[in-house]
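Mapping to this note's numbering: the sequence shown position 13 is 846, numbers consecutive.
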Amino acid sequence: MRKYIVLIYIFFVAFAVNAQEREFSKEKLSDLKENGDYTYELPTHKISASEKFSDWFVDYLSKFFDVAPDISLEYVVDIIKLSIAILFIWGIFLVLKSNHIIVFRNREKFDEKGFNTIYSPNQDIIPLSTQLKEAIKAKDYHEIVRLYYLLSIDQLDKKGIINLKKVDHHNDILLQLKEELIKKTFHSIGVYFQYCWYGEFDANETIYQQVKDMYNDFETAVSQYEKVQ
């Protein structure tokens, strides 16, 4: 019995001593303040460059649209991604457009630009051959290139080599041409037309003579094709 009483006494004495050691005194508090190991520093968050840009962009959008600046970073990232995607698609469209020659459009669009289209229901239109003679006489080399190109298309249409109803671009005609010699000569004329009308070439007498020779080769290729049919 005495043994248990001694154990209980020792337990309470140890608890009391431990409690005294944990009591704060001015001296102990001063020591803790001076001890660097016990100095608590608040965690700091370094702002990254992307977060700075996000904050600026959010602030700009809020001022531009006159809304509260409570847009999240994820929303800003989505806007940037969408903008990049739109620019990418627009770039592809411009590249594709620059590599196609739009030959036939609806009549209103042709009238707006002042073009004479061979694909017109107007029966009173001046024949392309007559227009070509007038352009040669006037030395209008720019117009001469276009008329040679349209004459070559007119030939393909009249001889039933292509179906104009399935044509919107230069490449659509090439896809219908099965005879390589016709395709090669026609495409050469089309390239000159493309660059003189939509590109960097300035049509002159030299180019006129080259296109004229190409058209003669084209007519020869068409005649040879007809003979074997």
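Think of the CB as a built atom: it goes at the ideal place given N, C-alpha and C, for glycine as much as any other residue. Predicted, not measured: the structure shown is a model, and the values here were computed from it.
- Per DSSP, Q1062 is not a residue of any alpha helix (DSSP H), being assigned neither H nor E.
- Measuring C-alpha to C-alpha distances from A1054 to each of K992, H975, I917, K885 identifies K992 as the nearest.
- Between the beta-carbon of I969 and that of I977 there is about 6 angstroms, and that keeps the pair under the 8 angstroms contact cut.
- Remark: C-beta atoms of K999 and L1007 do not approach each other more closely than 8 angstroms.
- A buried status is given to Y1041, since no fewer than 16 other beta-carbon atoms sit within 10 Å of its beta-carbon.
- Sixteen is the threshold: since fewer than 16 other Cβ atoms of the shown chains lie within 10 Å of the Cβ of G924, the residue is exposed.
- Around the beta-carbon of L983, 16 or more other beta-carbon atoms lie within 10 Å, marking it buried.
- The C-alpha of S985 is placed about 20 angstroms away from the C-alpha of T1039.
- Within the same chain, L1007 come within 7 angstroms of H1020 by CB-CB distance, once the 5 residues on both sides are set aside.
- DSSP places G924 within a helical segment (H, G or I) once states are collapsed to three.
- For the set D987, F1051, N1037, G1032, the Cα lying nearest the Cα of E1012 is the one of F1051.
- Judged by DSSP in its simplified three-state form, F1019 adopts helix.
- Between the C-alpha atoms of G1023 and Y1031 there is a straight-line separation of about 11 angstroms.
- With fewer than 16 other CB atoms across the displayed protein chains lying within 10 angstroms of its CB, V1061 is exposed.
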